[in-house]
Amino acid sequence: MKLKKVLSTLLVLTMVMTSLVGCSTKKDTGATNSTNGGTTEEEASGDFNITADTKGEITIWDWNTAYEEKMYPYFQKAYPNIKVNYVTVAHGDYMQKLQSALATGTGVPDIILGEGAWRGKLFDMGILEDLEAAPYNIAKTDMFDYLVDCMTDSTGKLVGVDQSIAPAGFAYKRDLAIEYLGTDDTAEIYEMISTWDKFIETGKLVAEKSNGKVKMLAGFGDVLYATKGQNSQDYVNGNTIDITSRMSKALDTAIKVRDAKIIGDNELDTPSWNAEFAEAETIFFPSAPWSCEWHVAANDPEGAGNWGLTKAPESGYTKGGTSISIYKDSPNKEAAFAYLKWTYFSVEGSVVSRDVIGQYSSLKECYVGEDAIYNQAGAYDEFFGGQNLAKYFVEEIIPNIKASQKETTYETVVNEVFNKLNPTLSTDMSLTAADAIELYKDEISLKAMDAEVK
Amino acid sequence: MVRKRKISKNVWPFIFAAPFVIAYLLFNLYPVIYSFFLSMHQWNGIGEKVFVGFDNYIKIFTRDVLFKKSVGNTVLIMAIATPTAIFSGMVLAYLLFNLKKGKRLFQTINFFPYITTPVAIGFVFSYIFDYSGGYANQLLTSLGMIGEKYYWLEHVWSARGIVILMIIWRNLGYYMTIYLSGMTAISSEVYEAAKIDGATKIQIFFRVTIPLLKNTTIFLALTSVIGGLQLFDEPYQLFTGWTAGVVNVGGPKYSVLSVIWKFYDDSFKSNSMLGYGAAVSFSLFLIIFAVSLIQLKVMTRKEEQ
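Dropping the structure here:
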């Protein structure tokens, strides 16, 4: 009987261990970093000598297959000896897979993408090349000013270039605008919503005309995302997170809009929020250039010609955006840089990008003079009633983007708290901006235990 | 010559056992030990590991409010979901066992959720209980059962209820199948004897079927508790399955944050604290080990009696 007990205990121990291992330790184990690669002395002394004969094979993890399917054939024509291996990785899983690869030292891609939600954490890992230094020598002045901080880590190094510009304005449905605002003219519409107070007043008129059926925006998340972006500023100093100064104004405005009852009740980025694009119940949808394809055209395929783009109240802000970086231990840095530069930061690549995927580079040079890339129609201009989207984003919205902030490791925690509190603030109408700040502080303290949150 | 043959004969059991033992040492035991080693360090997966002794454990048990909350949530959800699912599985198996027609069909239908990918389950349930466009609100408001739409995924107990429902729905078919095989092993003479003695169907279920399925129940209870304490898929997929990047970690007020989700979040999502995450997972290991020992002791004692 005793033997039986011992055997049973051992059996339980084995089962527990085996099952736990499956969900934890395998991910944690592994060797230290890969040690191959590194910037050589020759490279450090000057530029890469990138020519059409440059050779190499690189790997990139991306969640957007458009770059492989539509851009890569053109890149191959420019650099026939560089082979790019695309691995599709969902952006929700990206960091976990990257950390696993780094921990085991195998399979880390040469080119690493950084999505807004976790870019701060990625930049803080110290695994990305400084693109401002030799042999890359990308000048910060070559990219739009508002982007520089977004592509800079907490030590001041430029570690990425933007995949495509992501300034946000408000896309609007022309039929609803004519019916409820009396016009579908971009400038006239902007005049009606040029401040958040005017936005509220216009929203109340729309609500009156439509018996409360038509809303200005699909949900509270849209408003807070905009006001948060508009009031962007550095707020992390060492281990101190000053969330009060970061979010107070954003929350004040967003809650004022919420209390005016002029917005819908859809949670950001959910199927019901997506469905609103095709419904006749919401006039405005925050949109960056990428949203024209992924949100507007994808969710309202029958809506070609019925869309317009205007500026958001007060000022522009950034929505999404993806950094493109080079892994510091990549053995193929020259080929990786050739790909990065051509695809995301060259005039030639930008022209292709405009034509085949409707995305626009953050390289200022693309928008100068008669050859400016927006002088030809982009892929989604027709969908927006023939409006020149790129020109509008670059000339009307980007100059109005007031602030930006450096990416820090706490940005991921703050973003998660932002997502977590959106539904709460949206539904509990009794919560004031001051209450919301307290909620933010409590939530951030729970996740960032070693930080001082004020 | 005789001695040589004897030695070579004794070697065979070791050779046959070697693949499992080696695989076990390499892929199970070593990671567990390494995980414990890691839990004594501060490490983000890239830089140097800094030895911190038991600091991670001290932090977990003294300062980490979310860890305590996650343990409480996990135990609570498991304590409600597991017995309900096991008992429902048994009842369902009993009903199906006595079914004359369509037995296979119902068996297959009930087993489907168990083989469905958790992502799909998360999506389906998120869609059903969505605030603005969800079927639950549409149905209940159209039937006049609720005046205003209810925010199912924003209230503590409704969120937990949905997670419990998902666990039961997903595992019911599995429990049913195991019980069905257990019932097949019960001799029909026992049922016939009970019937001759005048027992009703309910009496047969409670007095004959349940006692004779005791070993099956012990097996299911033991494995379910271990699985239940590792709760992750259901709450995680419910709050992340359908959104494009927006994740509500732990649900409303962290009411469905499980220990594994907490470990995952600390290690890979909100933070990159692999050492701390290892300490969280090792703490869970200790909890599961203790619970399993108690469970085993209680069950073997009953068996001895």
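Those sequence lines, one after another, are chains A and B.
According to the numbering used here, the first sequence holds residues 56 to 509 in order.
According to the numbering used here, the second sequence holds residues 6 to 310 in order.
Every residue, glycine too, gets a C-beta built ideally from N, C-alpha and C.
Given the structure is predicted, the values throughout are model-derived calculations rather than measurements.
For the options A:Ile492, A:Val312, A:Tyr447 and A:Asp355, the alpha carbon positioned closest to that of A:Phe438 is the one of A:Asp355. Between the alpha carbons of A:Val351 and A:Gly358 lies a gap of roughly 8 angstroms.
Between B:Asp238 and chain A, the shortest Cβ-Cβ separation is not below 8 angstroms. In the three-state DSSP reduction, A:His350 falls in the helix class (H, G or I). DSSP lists no bridge partner for B:Glu239.
Cα atoms of A:Ser327 and A:Arg229: separation of roughly 21 angstroms, rounded to the nearest angstrom.
Across the set A:Tyr245, A:Lys396, A:Gln414 and A:Tyr422, the C-alpha of A:Lys396 shows the shortest separation from the C-alpha of A:Ile105.
With respect to chain B, the C-beta atom of A:Ser249 has no partner C-beta closer than 8 angstroms. The straight-line gap separating the alpha-carbon atoms of A:Ser385 and A:Gly160 is approximately 11 angstroms.
If you look at A:Glu451, you'll find it isn't in any beta strand (DSSP E); DSSP assigns it neither H nor E. Within its own chain, the residues whose Cβ lies closer than 6 angstroms to the Cβ of A:Thr282, once the five positions on either side in sequence are excluded, are Ala305, Thr308 and Ala309, listed in chain order. Counting the other CB atoms within 10 Å of its CB gives B:Lys200 a total below 16, which places it among the exposed residues. Closest by C-alpha distance to A:Cys347, out of A:Ile244, A:Tyr382 and A:Pro222, is A:Pro222. Taken in chain order, the members of the region 312-328 of chain A whose beta-carbon sits within less than 7 angstroms of a beta-carbon on chain B are Asp320, Asn321, Glu322, Leu323, Asp324, Thr325, Pro326 and Ser327. In the DSSP assignment, A:Ile166 forms a beta bridge with A:Ile115 and A:Ile381.
Look at the region 132-150 of chain B: the residues with a C-beta under 9 angstroms from a C-beta of chain A are Tyr132, Asp135, Tyr136, Ser137, Gly138 and Gly139. Here B:Tyr140 is exposed, its C-beta having fewer than 16 other C-beta atoms within 10 Å. Its chain contains Asp505, Ala506 and Glu507 as the residues whose beta carbon lies nearer than 7 angstroms to that of A:Asn294, once the 5 sequence neighbours on both sides are disregarded; these appear in chain order. Judged by their CB atoms, A:Ile113 and A:Asn140 are nearer to each other than the 8 angstroms cut-off. Against B:Gly152, chain A offers no close residue; the least beta-carbon distance is about 15 angstroms (beta-carbon pairs closer than 8 angstroms).
Interface flag for B:Val124 against chain A is unset, since no Cβ pair is found closer than 8 angstroms. Judged by DSSP secondary structure, A:Pro341 falls within the beta strand (DSSP E) whose first and last residues are Phe339 to Ser342.
Per DSSP, A:Lys388 is one residue of the alpha helix (DSSP H) stretching across Lys388 to Tyr399. In the same chain as A:Thr257, and ignoring 5 residues on each side of it, the C-beta atoms closer than 8 angstroms to its own belong to Leu236, Met247, Ile248 and Met271, in chain order. Contact between A:Asp197 and A:Lys419 holds, since their C-beta atoms are separated by about 6 angstroms, short of 8 angstroms. With respect to A:Ser380, A:Glu187 sits apart: the two C-beta atoms are not nearer than 8 angstroms.
Interface with chain A (8 angstroms Cβ-Cβ cutoff): B:Phe273 is included. Proximity of the region 446-466 of chain A to the region 251-258 of chain B falls short of the contact definition, fewer than three beta-carbon pairs being nearer than 8 angstroms. The region 100-116 of chain B makes no contact with the region 215-231 of chain B: fewer than 3 CB pairs, one atom from each, lie closer than 8 angstroms.
Per DSSP, reduced to three states, the secondary structure at A:Lys259 is helical. Rounded to the nearest whole angstrom, the C-alpha separation of B:Tyr136 and B:Glu197 is 53 angstroms.
The C-alpha of A:Tyr382 lies about 23 angstroms from the C-alpha of A:Gln460. Here A:Glu507 is bridged, per DSSP, to A:Thr295.
Per DSSP, the unbroken beta strand (DSSP E) holding A:Thr365 starts and ends at Trp362 to Thr365.
Of the residues B:Ala84, B:Ser272, B:Leu30 and B:Phe287, the one whose Cα lies closest to the Cα of A:Leu153 is B:Ser272. For B:Glu194, no chain A residue has a C-beta closer than 8 angstroms to its own C-beta; the minimum C-beta separation is roughly 30 angstroms.
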